[in-house]
Amino acid sequence: MISSKFCLHIAGDTPSSNRLFDAIASHCVPVIISDDIELPFEDVLDYSKFAIFVPALDALRKGYLMKVLRGVGRQKWIEMWERLKQIAPHFEYGYPSQTGDAVDMIWHAVRRKICSLHDSGGRRRNRYQMSQNFLKS
């Protein structure tokens, strides 16, 4: 993974897969193929800055995924890679816990979840807009 530019993160049968975390730790731009996935810390991290989202049905179309990935220019990939290096510490566990590490992020996420229990209309941004932009290039 460490020598790869892109790492596939295909929805599986368990939400606890390590694929995404392995990609982030390796600074490999995650290509997330899923229609409805809840990502860790997505309420504070803008995944569109360091990951590519592809709808599952589109990923099945012949040549679609390669066209999206080839549409990512070198400069855009470098920006995503640099952002991965910046956010990677948020996914690291250490002892003792440090500000901004995974343990700290989890406690902050729990606090936000508790505060928003009454908010039933969670607004997610259009994750697929970025991959559509690569197709237009």
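To get our numbering, take the position in the sequence shown, counting from 1, and add 56. By construction, the Cβ of each residue, glycine as well, lies at the ideal position given by its N, Cα and C atoms.
What separation, rounded to the nearest whole angstrom, lies between the Cα atoms of L113 and Y120?
-> Cα to Cα, the separation comes out at about 10 Å.
Out of curiosity, what's the CA-to-CA distance linking I105 and M136?
-> One detail in the question is off: residue 105 reads as Lys in this sequence, not Ile. If I take the Cα positions, the gap works out to 6 Å.
Can you give me the Cβ contacts of S60 inside the same chain, cut-off strictly under 7 Å, excluding the 5 residues immediately before and after it?
-> The beta carbon of S60 lies closer than 7 Å to those of C84 in the same chain, with the five residues before and after it left out.
Can the beta-carbon of V100 be found less than 8 Å from the beta-carbon of H65?
-> Against a cut-off of 8 Å, the Cβ pair of H65 and V100 comes out as no contact.
Where are the alpha helix (DSSP H) runs, 4 residues long or more, that stay fully inside the stretch 59–84, in chain order?
-> Those alpha helix (DSSP H) runs which fall completely within the stretch 59–84 and span 4+ residues are 75–81.
Could you give the distance in angstroms between the alpha-carbon of Y151 and the alpha-carbon of D160?
-> So the alpha carbons of these two residues sit roughly 11 Å apart.
In whole angstroms, what is the alpha-carbon distance linking A165 and D91?
-> Separation of A165 and D91 (C-alpha to C-alpha, rounded to the nearest whole angstrom) is 22 Å.
K118 to L125 span [Cα, whole Å] = CA-to-CA, the gap between K118 and L125 works out to about 13 Å.
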